[in-house]
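Before any comments, here is the structure.
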Amino acid sequence: QVQLVEVGGGLVQPGGSLRLSCEASGFTFSRYVMRWYRQTPGKERELVAGITTVGDSIIYAESVKGRFTVSRHNAKNTVYLQMNSLKPGETAVYYCHAQLDDYWGQGTQVTVSS
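Counting from 79, one number per residue, gives the positions in the sequence shown under this note's numbering.
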């Protein structure tokens, strides 16, 4: 069955870095535009970054430009989100999303706190 499994979340101090990974299975990963979203309680899910099937087009939320990097490895069925210079306001559950058929992972918690 279709699965998206995010790993890599955790507790990090302000200014620190984390690398999230999302491994896909059960569908042809290389055919899907992949996106990362985040959500905090009481707020709508926010698009963080997106990457096309071969990585030739990438988008970022304005608030993360220059600090976050999205990438993918199609042979490994995995999309990544490198997050640098993290801020306390970026504490959230981070989700990966396969756009074409609206597949979602279970999310991974990122907590930015001293």
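Idealized CB from N, CA, C, for every residue including glycine.
Just so we're clear, the structure is a prediction, and the values are computed from it rather than from any experiment.
Of all the options the options, which has the alpha carbon lying nearest to the alpha carbon of residue i?
| i | options | result |
| --- | --- | --- |
| His-175 | Ala-153, Asp-134, Tyr-138, Ala-102 | Ala-102 |
| Met-161 | Arg-116, Arg-123, Leu-98 | Leu-98 |
| Val-142 | Gln-177, Gln-91, Leu-164, Gly-87 | Leu-164 |
| Leu-159 | Arg-123, Gln-177, Thr-106, Ile-137 | Ile-137 |
| Ala-153 | Thr-106, Arg-145, Gly-185, Glu-140 | Thr-106 |
| Leu-178 | Gly-87, Ile-129, Gly-93 | Ile-129 |
| Gly-133 | Gly-120, Gly-185, Val-157, Val-126 | Val-157 |
What's the gap between the Cα of residue i and the Cα of residue j?
| i | j | result |
| --- | --- | --- |
| Gln-187 | Tyr-173 | 9 angstroms |
| Ser-108 | Tyr-181 | 14 angstroms |
| Gly-104 | Asn-155 | 10 angstroms |
| Ser-95 | Pro-166 | 12 angstroms |
| Val-90 | Arg-145 | 15 angstroms |
| Val-126 | Thr-169 | 13 angstroms |
| Gln-79 | Ser-135 | 28 angstroms |
How would you label residue i, buried or exposed, when you count the other beta carbons within 10 angstroms and need 16 or more for buried?
| i | result |
| --- | --- |
| Arg-113 | buried |
Since residue i contacts residue j with CB under 8 angstroms, what's their CB separation in whole angstroms?
| i | j | result |
| --- | --- | --- |
| Thr-131 | Tyr-110 | 7 angstroms |
| Glu-124 | Ala-139 | 7 angstroms |
| Pro-92 | Val-190 | 6 angstroms |
| Cys-100 | Gly-183 | 6 angstroms |
message = Any contact between the stretch 146-156 and the stretch 79-91? By contact I mean 3 or more CB pairs, one from each, below 8 angstroms.
response = no
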